[in-house]
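Quick notes on the structure that follows.
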Amino acid sequence: MKKKLLLAALIASTNIFGQLPGNGMTDFDGNIYNSVILDTQEWVKENLNVAHYNDGTVIPQVTDPTEWATLTTGAWCYFDNTAANGAIYGKLYNWYAVAGIHDTISSTPNKVLAPVGFHVPTDTEWTTLTTFLGGLEVAGGEMKEMGTTHWETPNTGATNNSNFTGLGDGYRWYYGGFGGMGLYANWWSSTETIQVTTNQVNVWIRHLDHDNIFASKNEALKAFGLSVRLISDTLFSDTPSNMGTIKGETIRIYANPAANNVVIDLSSLTTSSNWMYAISNTLGQEITRGKIISQQTIINLNDALSEGLCFVKVYDALGNVLTTKKLFVE
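In the numbering used here, the protein residues as written are 105 to 434.
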């Protein structure tokens with residue numbers, strides 16, 4: 105079992121277990137997307153690939169670089185103006201499309217890019233995600249797809265432990281050219297920011313790189329063409345109904361990383377409610393389960409788990425989740 109990563113714990117509600125698949129999303133054009141629940145958030149796992157706002161209004165495709173550079177309304181393109189890239193990487197949008205600015209009449213209400221129930225994440229919501237994944241210094245590795253199919257070598261530190269599955273999708277420059285395919289991933293936020301030296305209004309984005317594990321917070325000009333990842337409007341509770349009496353942080357799970365055995369230590373808590381444990385992989389597939397029979401229950405892994413990340417859930421007889429903790433198996 106190869107990787108020795110730090111223990112990260114999360115307290116889960118009764119309908120959330122680690123990185124369970126979410127219910128997914130369908131856009132106006134009928135494209136179907138998968139989603140993943142990360143802490144209190146549900147993130148879409150693929151880049152947006154829609155050509156309409158959610159009321160059916162067309163978002164124009166703009167291929168000409170000069171026209172792209174002068175836009176102040178929403179538009180999209182494929183990377184390198186090649187349609188085949190859309191099926192893999194989705195579309196690149198300028199920020200005016202993200203904001204729903206579909207014409208030049210200031211009094212016209214803006215459109216909405218995301219389907220009902222989803223939205224373009226704010227800068228704060230991006231920060232919530234990267235904090236959950238260990239902080240900006242390491243979250244990029246957790247977010248990047250492994251391998252070099254959609255990333256250039258070396259794709260440093262890519263684990264995709266989050267199932268976010270970020271691809272090296274490139275970008276369109278504000279002047280209309282293209283760059284960065286395989287090297288970088290960039291996603292818009294919905295949050296504007298003032299550039300200190302120029303007093304220009306830019307937008308916060310998140311940026312991943314092929315040769316490090318950072319998830320950088322950068323500013324971008326609104327005329328850039330970047331990818332869009334949507335997030336659900338639903339904020340999942342991180343507090344189970346019985347949290348007043350059951351403190352998940354009191355339950356310890358060690359060793360972590362684990363090899364042959366792992367211990368669930370209840371400390372001062374009792375097992376009067378016939379508590380159970382279950383160990384699942386990052387796809388939500390249960391590998392093993394059993395009863396917690398003492399204050400320190402030893403679980404023999406018996407090679408039932410493959411190397412890498414899994415989740416240990418402790419729950420009571422009614423199915424209420426008391427705690428869920430990440431476990432790295434080596």
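The beta-carbon is built from N, C-alpha and C at its ideal position, and this holds for glycine as well. Please read all numbers here as calculations on a predicted model, not as lab measurements.
Could you say if the stretch 294-312 and the stretch 322-336 meet the contact criterion of at least three C-beta pairs nearer than 8 Å?
They touch, by the three-pair rule.
Measuring CA to CA, which of Thr-427, Leu-422, Asn-406 and Ala-421 is closest to Phe-415?
With distances taken between Cα atoms, Phe-415 lies closest to Thr-427.
Is Asn-267 buried or exposed, if buried means 16 or more other CB atoms sit within 10 Å of its CB?
Buried, since its Cβ has 16 or more Cβ neighbours within 10 Å.
Once the 5 residues before and after Gly-251 are set aside, which same chain residues still bring their CB inside 8 Å of it?
The residues Asn-259 and Ala-262, in chain order, have a CB closer than 8 Å to that of Gly-251 in the same chain once the five nearest residues on each side in sequence are set aside.
Does the separation of the CB atoms of Ser-294 and Val-202 fall below 8 Å?
Their beta carbons are under 8 Å apart, which means Ser-294 touches Val-202 by this criterion.
Residue of Leu-175, Lys-195 and Ile-383 minimising C-alpha distance to Asp-133
Taking only the C-alpha atoms, the option nearest Asp-133 is Lys-195.
How is Thr-415 classed by DSSP in three states: helix, strand or coil?
Going by the sequence as given, residue 415 is Phe instead of Thr. In this structure, Phe-415 counts as strand in the three-state DSSP scheme.
Three-state secondary structure (DSSP) at Met-247?
Of the three classes helix, strand and coil, the one that applies to Met-247 here is helix, per DSSP.
Within the continuous alpha helix (DSSP H) that includes Gly-394, where are the two ends?
DSSP places Gly-394 outside any alpha helix (DSSP H); the residue lies instead in the beta strand (DSSP E), whose first and last residues are 390-395.
Under the rule that 16 or more other beta-carbon atoms within 10 Å means buried, what is Pro-213, buried or exposed?
By the neighbour-count criterion, in which a residue is buried when 16 or more other Cβ atoms sit within 10 angstroms of its Cβ, Pro-213 is exposed.
Under a three-way DSSP split, which group does Val-202 fall into?
Reduced to three states, the DSSP call for Val-202 is helix.
Can you tell me which of Thr-401, Gly-270 and Gly-329 puts its alpha carbon nearest to the alpha carbon of Asn-198?
Minimum Cα distance to Asn-198 is reached at Gly-329.
Sorted by chain position, which residues of the same chain lie with C-beta nearer than 8 Å to Cys-181's C-beta, five sequence neighbours on each side aside?
These residues qualify, in order along the chain: Gln-165, Val-166, Thr-167, Trp-172, Lys-195, Leu-196, Arg-276 and Gly-329.
When the distance is taken between beta carbons, is Thr-130 closer than 8 Å to Pro-219?
Yes, the pair counts as a contact, with Cβ atoms nearer than the cut-off.
Excluding the 5 residues preceding and the 5 following Asn-151 in the sequence, name in chain order all residues of the same chain whose CB lies nearer than 7 Å to its CB.
Apart from sequence neighbours up to five positions away, the residues of its chain that approach Asn-151 with a beta-carbon distance below 7 Å are Tyr-193, Gly-194, Asp-273, Ser-331, Val-332 and Arg-333, ordered along the chain.
Of the residues Ala-362, Ile-391 and Ile-397, the one placed nearest Trp-379, counting alpha carbons only:
A check of alpha carbon separations from Trp-379 across Ala-362, Ile-391 and Ile-397 identifies Ile-397 as the nearest.
In angstroms with no decimal places, state the Cα-to-Cα distance between Asp-207 and Ala-363.
Spanning the two alpha carbons is a distance of roughly 59 Å.
For Thr-231, count neighbouring Cβ atoms within 10 angstroms of its own Cβ and tell me buried if that reaches 16, exposed if not.
Flag for Thr-231 reads buried.
In whole angstroms, what is the alpha-carbon distance linking Thr-161 and Ala-155?
Taken atom to atom, the span from the alpha-carbon of Thr-161 to that of Ala-155 is near 9 Å.
Below 8 Å between beta carbons: does that hold for Leu-422 and Ser-320?
It is not a contact, given that the beta carbons lie outside the stated cut-off.
If I follow the unbroken alpha helix (DSSP H) through Phe-236, where does it start and stop?
That run of the alpha helix (DSSP H) goes 227-236.
Buried versus exposed call for Leu-339 [16 or more other C-beta atoms within 10 Å across all chains shown]:
With fewer than 16 Cβ atoms within 10 Å of its Cβ, Leu-339 is classed as exposed.
Delimiting residues of the alpha helix (DSSP H) encompassing Ile-141
Boundaries around Ile-141 are those of the beta strand (DSSP E), 139-142, since no alpha helix (DSSP H) includes it.
How many Å lie between Leu-175 and Val-300 at the Cα?
Approximately 24 Å, taken between the alpha carbons.
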